[in-house]
Structures are given as C-alpha cells and as structure tokens.
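Enquirer: In terms of our numbering, the sequence shown opens at residue 11 and continues consecutively. Heads up, the beta-carbon is just placed ideally off N, CA and C, and yes, glycines get one too. On a predicted model such as this, the values are computed, not experimentally measured, just so you know.
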Amino acid sequence: MKRILDDCQDTGLLWEVLDGLRLPAFLVNSDFMVTDCNISLKARLDFTKEDTLNRSVFDFINIAPPLQHVLFKKKVTVLEGRCIQKNRESFPAKINFIKHADGFIVVAEDISELIKIEMRAAHRRKEINTYNALSKTLSRATDLKVMTEKVLEPLVNTMNFDAAWIYLTDDSSRELKLCCFKGVPEGTLGTAEALKPYEGFVSRVFSSEKALLVKNVLDDPRVTPPHINESGFNSIAGVPLVVKSLGDEKGKVVGVLGVADRMNDYFSSLDIQFLTTIGNQLGVAIENARLIANLKEKVKQIKLINEISSVVNSSLSIGHIFRLVFSEIRQVLDFDRASITLLKENNNFLEIFAIDTKRPTKLTKGVIAPTKETSAGWVTKNQKPWINRDLKEDMSFHYDSVLLNEGIRSTISVPLFKDRPLGALNLDSIMPGKYSEKDLEILMPVAKHLSIALENAILFEEITREKREWEKTFDAITDMVWIVDLKGKVLRVNRAVIEKSGRAELSLIQKSSHEIFKSLQILDGENLSFESIEHKRQLFKEVHGLNGSIYYFWTYPLLNSEGNIYGVVNYLREVTEQKRLEQRLIRADKLASLGILVAGVAHEINNPLGIIAGYSEALLDRAKDPELHTVEAFEDFPDYLKTINNEIFRCKDTLNTLLDFARPSGGIYREIDINGLIKEVILLVKHGARAHKPRIDLNLQRNIPETMADPGAMRQVFLNIIMNSFYFMGSEGVIIISTAHEKNKNRTDYIRIRITDNGKGIEKEIVDKIFDPFFSTKAVGEGTGLGLSICHRIITEHCGTIDVESKAGAGTTFIIRIPVKGKKLLMSS
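1. Exposed or buried, Arg-762, counting other C-beta atoms within 10 Å across all chains shown (16 or more means buried)?
2. Would you call Thr-45 buried or exposed, if buried means 16 or more other Cβ atoms sit within 10 Å of its Cβ?
3. Out of curiosity, what's the CA-to-CA distance linking Gly-686 and Gly-810?
4. Rounded to a whole number of angstroms, what is the C-alpha to C-alpha distance between Ile-706 and His-554?
5. Tell me whether Met-441 sits in a helix, a strand or coil according to DSSP, three-state version.
6. Assuming Leu-165 contacts Phe-171 under a Cβ cut-off of 8 Å, what Cβ separation, rounded to an integer in Å, is found between them?
7. In the DSSP assignment, find the unbroken beta strand (DSSP E) run with Met-718 in it and report its ends.
8. Could you give the residue range of the alpha helix (DSSP H) that holds Lys-160?
9. In whole angstroms, what is the alpha-carbon distance linking Ile-508 and Lys-817?
10. Output needed for Gly-797: all residues of its chain with C-beta closer than 6 Å, excluding positions within five of it in sequence on either side, in chain order.
11. For the region 33-115, which segments carrying the alpha helix (DSSP H) assignment without a break, of at least 4 residues, lie completely within its bounds, in sequence order?
12. Taking the alpha-carbon positions, what's the Leu-360 to Ile-378 distance?
13. Quick one: what's His-751 bridged to in DSSP?
14. Kindly list the residues whose CB is nearer than 6 Å to the CB of Val-389, restricted to its own chain and excluding five residues on each side of it in sequence; keep chain order.
15. Under three-state DSSP, which class holds Ile-746?
16. Quick check on this structure: which residue in Ser-511, Tyr-737, Ile-692, Arg-347 has the alpha carbon closest to the alpha carbon of Gly-821?
17. For Ala-623, collect the residues of the same chain with a Cβ closer than 8 Å to its Cβ; drop the 5 residues on either side in sequence, then sort them by chain order.
18. Is it buried or exposed for Tyr-445, if we count other Cβ within 10 angstroms and need 16 for buried?
19. Express the C-alpha separation of Asp-346 and Ala-364 in angstroms, rounding to a whole number.
20. Count the other CB atoms within 10 Å of the CB of Glu-60; is the residue buried (16 or more) or exposed (fewer)?
21. Report all residues from its chain with a CB closer than 7 Å to the CB of Met-273; omit the five preceding and five following residues, and keep chain order.
22. Just confirm the distance between the C-beta atoms of Ile-519 and Val-500, as a whole number of angstroms; I'd bet it's less than 8 Å.
23. Is the beta carbon of Trp-564 less than 9 Å from the beta carbon of Gln-588?
24. Below 8 Å, can you find three or more Cβ-Cβ pairs linking the region 117-134 to the region 31-39?
25. With 16 other CB atoms within 10 Å as the buried threshold, where does Lys-85 fall?
26. Using the rule of at least 16 other Cβ atoms within 10 Å of the residue's Cβ for burial, across every protein chain shown, is Gly-376 buried or exposed?
27. Mind pulling the beta strand (DSSP E) runs of 3 or more residues that sit fully within the region 261-323?
28. In the region 499-551, which residue ranges form an unbroken alpha helix (DSSP H) of at least 4 residues, counting only runs that do not cross its ends?
29. Beta-carbon within less than 6 Å of Arg-300's beta-carbon, same chain only, minus the 5 sequence neighbours each way: which residues are those?
30. State the beta-bridge partners of Arg-705 as determined by DSSP.
31. Can Asp-69 and Ile-49 be called in contact, C-beta distance under 9 Å?
32. Does the contact criterion of 3 or more C-beta pairs under 8 Å hold for the region 764-771 versus the region 743-756?
33. For Gly-743, collect the residues of the same chain with a Cβ closer than 8 Å to its Cβ; drop the 5 residues on either side in sequence, then sort them by chain order.
34. Kindly indicate the opening and closing residues of the beta strand (DSSP E) around Asn-398.
35. By Cβ distance, which residues of its chain are closer than 7 Å to Glu-99, with the 5 residues on each side in sequence left out?
36. Can you tell me which residues form a DSSP beta bridge with Trp-175?
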C-alpha cells in the first residue's frame, strides 16, 4: 500500500488505483475533516461523496482515540479498527494513515476474511492439539471411566466449549446412560437425572446414528426450550460414537459425544467434522476398553471358578464351602444377602440351607417356604435363572414381599442341579437394578460347581449320618460283635466286647480274635472265623467258658460286589442265663405235667387204699379175739396185720405229699418282711435241730422293702433248704443267710436271698437235676425227692427264681429272687 501511494502522487490516479483494488479511501485535512473520497467508498460503506464532505473521518472509521496523536509522527501509520457502514453495521479493517500535503489520505482495508482465516487456523491448531492430547489419552488409558473423563477435559479447556458430556449404551439393556460430563456449574448437572433436558437430543443422535447441530435451541423444535433456558446453553452439537468391525461398513453405535455453548450459532460444520473424528476414535477406544474390561472380567471369572473348584475339591463341609464361595463371589459381584435354598418334602417346599448377611432378617437358616410362592422356587422347579430388577415395581411372587419388607430391592437366582433339582443360589441387594443378564455369566458356572459340592456334601452327610447310626446300632447291640479281616486281625469291636472283655478298643484292634476269647476265658472259638472264610458261609458253634458260662457263636462272611470275601463278622452271645431259663421252663413243664399225673394217680390210689386201710383196721380188731391166739397158724397174723396197717398209712402220707406238690399252695398273700420271716424260721430250726449244733450267721440288709407273699409257703421254702443243709453238713456245719435289695436289667425291684452251707456239695453231673420231682440223694426211705421241687413251685408261683451254685466238697448256695410287689402289682400279675 505504501509503495502504491508513493508511485501515485496524483490524487485522481490514486483514486483509480484504489477503486481498482475496491478499497475505500478518504482525503482529510489536518483536522481529519473529509475533503474528498473515492468511488469504492459508496460500494463498501454505502456513503456518497456528499455524505462524507466536511465530516470527521472518525464518523466512518473507529480506532482507539488514544492512538490519534501518533498519526503525525510517521509518514504512514497503520492501525486496526472498524469501518462503520451507513446501516450502522461495521466490519474489521486495517486503517492506513498516509501524510499528504497538509492532511492525510485514509485508506480502509477490509480484513474480515483474513481474521476468519486466522481464527480457522487457530481453531485448527486447537483441534490438532486436542486431537493429539486425546490420542495420547485413548492410547494409554484402559479404564473406561477414567478415559472418558480425560476426553472431556481438552474439549472444554482447549476447545473452549462451555460443556461436554458422554452417554454410553448399557451392555445388557442397550439403554443410554450418562457416563461423564464437564463444564456444567456445580449443582446443575450433579447427577445423571440432571441431563434429562438433553435426553431428547441425545436419543435423536443415537437413534439416527448421525451428527446433529443445533445453532439456537430456542428456535429448534428438537430441543425443549424451558429446560435449555434453565441450563443457559444456546447451541448444542452431538455425534454418535461408532465402532466398525471387519466387514461392517455401517458399524455399531455405542454412545453419544455432545458439546454445548451459551453462544448462539457457536458450532459449525467444521466442529461437527472434528467431533466426528474424535467420536470415531473414541468409539474404538471405548470398545477396546470394554473388551479389556470384559477380558479382565473373564480372567476374574476363570480365577473365581478355579478358586471355587479348589474349594469344592478341598472340603466336604457345605458350611465351609458356602463361606469360601461367597467370599470369592463378593470380589466380583456385590450383594447384601446371599443364600442357598434346597428342595424339601416331596419337592413342595424350599428350606434355607445357608445364609450370609449382616442385615436383620426373619429368613434365617431352616425357614421353610412353598416353592410356588417364591422366585427361588420357580428357579428350582424350572431350572432357569430369574432376575428381579426391582421388587417395588414388579412383584411376581407373593412370598418375595418378605424380601421387600426387609429392604431388598433386586434379586438374582440361579438353579442348583446335579442329576436332579437341588435348589437355588440367591443374591439380594438393597439397590434396584443391581443385577443383569451379564451377572449370570459369573453365577451360572459358580452354581454348576456349587451343585457338585452340594450334592457331594449331601451325600457325605448322609453317609456320615448313616455311619453314625450304624456305629450307634453296632455299639447298641448288647451281644459281642467284632469284625476281622482275612488274616483274622480285628478291625472293629462294639462296646459290648470292650465292656465284657475289660480291654480297651485300641488294645484289641489289629490283634487276633484269640485276645478276645482269652479275655472272656473261652476255649476253642477262633478257628470258626477261618472256617467261615474257607467255606464262604455262615457258621455256628456253642462254646463254653472256664467259669461255666455258655455262649452261642456265629460267623458271617463279608462279601464285596464281586462276591469275594474281605472279612468276617463274629457274633458272640452269652446264653448262660438263657440256658438256665430254658432248664427252668423244661423243669416247670415237667412239674406241671407230673402234677397232673400225680393228682390223677393219687386220686385213683387213694380210694382203694382207703378201703384197704379200713379192712386192715377191722382185721386188727378181730385179731384181738382170745380164741384166735390159741390157733397156732394164726399166731403171727396180728404182727402181719399191724405192719400192713402201718405201711398203708405211710402210703397215705406219701400220697398227701404228692397232692401238696400237685396243687397250688392256695395260701393267703399279704405284705411280709422277708428278714422277719427268716428270723422266725431260724428260731424253729434251732429248736428242732439241737443235735446238729448248727451255726447260722445272718447278714440281712436293713430296710428291705416289704412284698406281697404267702408267708406259710415262703416259710416252707426256707425250712426245706435249711433242713437239707443240716442233713448234708457235719456236726460243725455253718449256714450263712443274707438278703439284699437289687434291680435287674429291666430296672425291676427284687429281693435276693442267699442260703450258703459248707456241706459236701453237689456233684456237677447232678446239680441240674435237684429240682426234678422224686430226685433225691438221701438214703432210701429218708426222703421223697419232692422237697426242692415244691420249693421251686412255690418260688415260681411268686414270680421269682431259685438257682443253685455248688461244687463237690465245697458247699452249696441257693439263690432266691422274688420281685417286690404291692397289692396293685400283685393283682395285675
């Protein structure tokens, strides 16, 4: 411009040049009053020459007043200002003041486009800087939340946008959710709901999959004006975040990037291009971040499954497994309450088997609920997962209202199944919408492993319970039972073996059965186990102890599924008392049969014997006739008749004894003191046996209870036994009588009487016969052999027992036991 002015000193020529350049120009004097102008002034400012003459040039140009004084110091001064058009609009211009004669030539050069170019260049530099910053952020950040927040920082800080935000789609619901925002005043957009004014705008961008520019929200029907006025934003721009996969040109929209400014028409198509570029790169970065996050989740899931598998394989305690499993689940999935419910009672009810919660609840372990009224029951029955996103909004099962009343809002349940429905695994949260289908990717594999653990644990508990029951049954057997292997080594013994052998269990394990037989003083029993192994069948043998005890011994071979023997069960039952009872029963049966026979025989004999006795007495009276004494042949008849008569009466006495044996005593029962009755008997015995000089020692327990008994019959029992002792003792014999109150195995009260002498005893071969009728070891004619039989009958009538212990040359002991009975008990018996 300066060179043009130097070359064109002629004003007319200068105006032609400036008009050619379409530059408006003024000729002003030293007072800056316009004296002339060129034609371009009209074209640019719409002023005519007449409009400008004698007016101040500053009516048409605008510069800072403080700069006017510098115009006289230089030949050419260039200042920036604005040219004012006739319609009062203005545009930026470069104002050239060139000294000319006594004034200045003022030339205005429009720099609007230049400023725009410079602004575009500056904007482009900002975009490049922003893009570089975003590229670094997107290439380094892997956390989605951190990455998106860092993306917004340069958009607001570098690009000078007033606000920016990012919405992303939820993986499961495909709904748009606010991810992050920046540049909004505190309190205006503090939560996700605060961006509701733009949900319509964002949804349009998302659904159309195209960028959207709103230059003035007040004039655009696509945005609701009232909300925008409240937020203060006037122009908005948004672009979809698109991810393109191989072979997919269209791509998939994963979110929306939006920016806003309070100025009208702030954003241009260039901004849309820039945001689109950013959006494309951001979409890829978001997808990568999600893939990385999903990969990490998968790694966590694999690690979780491995941990749970390890837990399942390391324990059979379901309680221990439950605690460890949910401790692992809590690391990847949050919950406020976790539980396992199991099917019960014909699959109609669910029972809470285990629960983990810190919240107060009525639904504790053991609580029962019907399957038809709970989501867990539906899951168990249908073997499908169920998600309650918000119990407050959707209550599909009546019984789930209990959960809602306890503050639970969302639940997720997955089935537990192992060859059959087992139950359900349940997680509950107080947050609505806590769980989604994505969580099933974690819980379903967990449920599979947990089902295996649960089934194993249930089976283990059943086996353990059955084992305990078997052990209790094994130990509850009162007979002796033990198991041996093929080598005859003891594997297990029951409690009866321990108690009766007097040996500790460990002292018998891995020892031979000989140790058990040795402790019980039994001979010749061990070989039966080996015979059972050899013949592969059950065997039986009666064995005897050195102390006279009798045992039944069975052996049962143990066979596996293949039919091979792997051990033997030995079963030993002491039958000493049983044998004695059998002998008593046999004896009682004999006595009963004999009593019937004796009663009939005695009756048949007694009648003719009475006739014979009558005739014998009549013959004795006739034998007193003196005339008969003169007959030599009749001389011995009186003696014969007297002998016949005596023997007849002896036969009658014997028959009376037989009849006493045959019929019940028929005495009167009353409460008696056994000790007092024994003392009465002793007085009678001592008075009638002075020649024997016996010594009788009494050891009578005090306070023995009275019992209902026939005192006459009991007196006869004691007399018979004591008189028998006198008969078989020497002149210095000793009899010891003791009494005691005791209980038998059935906790029945008994009175025990022991009568012991130091006589010659009874041979072993005949000791079992002494209660048989007519058996006697006395000389012929000195006893009928019915005394002890009558004693046995009397004691039996009193529901008692009488036993004998004797060794030849070592004395004899009679043991009598009679139950303690009151009047009511006597009547019932």
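Expert: Reading it off the structure:
1. Numbered from its first residue, the sequence shown carries residue 762 at position 752. Arg-762 comes out buried.
2. Position 35 of the sequence shown, counted from the first residue, corresponds to residue 45. With fewer than 16 Cβ atoms within 10 Å of its Cβ, Thr-45 is classed as exposed.
3. As a working mapping, residue 686 is identified with position 676 in the sequence shown. As a working mapping, residue 810 is identified with position 800 in the sequence shown. Answer to the nearest angstrom: the Cα atoms are 19 Å apart.
4. Here the question's residue 706 lines up with position 696 in the sequence shown. Here the question's residue 554 lines up with position 544 in the sequence shown. Going from the Cα of Ile-706 to the Cα of His-554 covers about 36 Å.
5. By one-based count along the sequence shown, residue 441 stands at place 431. In the structure shown, Met-441 sits in coil (DSSP, three-state: anything other than H, G, I, E or B).
6. Sequence index remark: in the sequence shown, residue 165 carries index 155 (1-based). Sequence index remark: in the sequence shown, residue 171 carries index 161 (1-based). Right, their Cβ atoms sit about 5 Å apart.
7. Within the sequence shown, the letter at position 708 stands for residue 718. Note, Met-718: beta strand (DSSP E), 717-719.
8. Mapped onto the sequence shown, residue 160 falls at position 150. Run containing Lys-160: 154-167, per the alpha helix (DSSP H) assignment.
9. Start at 1 with the first residue of the sequence shown, and residue 508 comes out as number 498. Start at 1 with the first residue of the sequence shown, and residue 817 comes out as number 807. The alpha-carbon atoms of Ile-508 and Lys-817 are separated by roughly 31 Å.
10. Residue mapping note: residue 797 aligns to position 787 of the sequence shown, counting from 1. Contacts found: Asn-730.
11. 50-55, 59-62
12. Taking the sequence shown and counting its residues from 1, one reaches residue 360 at position 350. Taking the sequence shown and counting its residues from 1, one reaches residue 378 at position 368. When rounded, the distance between both Cα atoms is 6 Å.
13. The sequence position of residue 751 within the sequence shown is 741, counting from 1. Looking at the DSSP assignment, His-751 forms a beta bridge with Ile-761.
14. Here residue 389 is taken as the residue at index 379 of the sequence shown, counted from 1. Counting only Cβ-Cβ distances below 6 Å, and skipping sequence neighbours, we find Trp-396, Ser-423, Pro-425, Ala-434.
15. To locate residue 746, count along the sequence shown from 1; it is residue 736. It is a strand residue.
16. As a first step, residue 821 must be located in the sequence shown, where it is residue number 811. Minimum Cα distance to Gly-821 is reached at Tyr-737.
17. Here residue 623 refers to the residue found at position 613 of the sequence shown. Excluding residues within five positions, the ones whose Cβ falls inside 8 Å are Asn-655, Ile-658, Phe-659, Lys-662.
18. Position 435 of the sequence shown holds residue 445. That one is buried.
19. As a working mapping, residue 364 is identified with position 354 in the sequence shown. As a working mapping, residue 346 is identified with position 336 in the sequence shown. Going by the C-alpha atoms only, they are around 14 Å apart.
20. By 1-based counting over the sequence shown, the position of residue 60 is 50. That one is exposed.
21. For the purposes of this step, residue 273 is identified with residue 263 of the sequence shown, where counting begins at 1. Correct list, in chain order: Asn-244, Ser-245.
22. Translated into the one-based positions of the sequence shown, residue 519 becomes position 509. Translated into the one-based positions of the sequence shown, residue 500 becomes position 490. Their Cβ separation, rounded to whole angstroms, is 6 Å, which keeps Ile-519 and Val-500 in contact under 8 Å.
23. Within the sequence shown, the letter at position 554 stands for residue 564. Within the sequence shown, the letter at position 578 stands for residue 588. No, they are not a contact pair.
24. yes
25. For the purposes of this step, residue 85 is identified with residue 75 of the sequence shown, where counting begins at 1. Lys-85 should be labelled exposed.
26. Taking the sequence shown and counting its residues from 1, one reaches residue 376 at position 366. Gly-376 comes out exposed.
27. 262-271
28. 505-511, 515-518, 523-529, 537-545
29. Here the question's residue 300 lines up with position 290 in the sequence shown. Hits under 6 Å: none found.
30. Indexing the sequence shown from 1 puts residue 705 at position 695. Answer by DSSP bridge pairing, in chain order: Val-744.
31. By one-based count along the sequence shown, residue 69 stands at place 59. By one-based count along the sequence shown, residue 49 stands at place 39. Contact flag unset, no.
32. yes
33. Locating residue 743 in the sequence shown gives position 733, where the first residue counts as 1. Hits under 8 Å: His-702, Pro-704, Arg-705, Ser-735, Phe-736, Asp-767, Asn-768, Gly-769.
34. By one-based count along the sequence shown, residue 398 stands at place 388. 396-398 is the span of the beta strand (DSSP E), which, as asked, contains Asn-398.
35. Here residue 99 is taken as the residue at index 89 of the sequence shown, counted from 1. Cβ neighbours of Glu-99 beyond the five flanking positions: none.
36. Indexing the sequence shown from 1 puts residue 175 at position 165. Answer by DSSP bridge pairing, in chain order: Phe-191, Gly-268.
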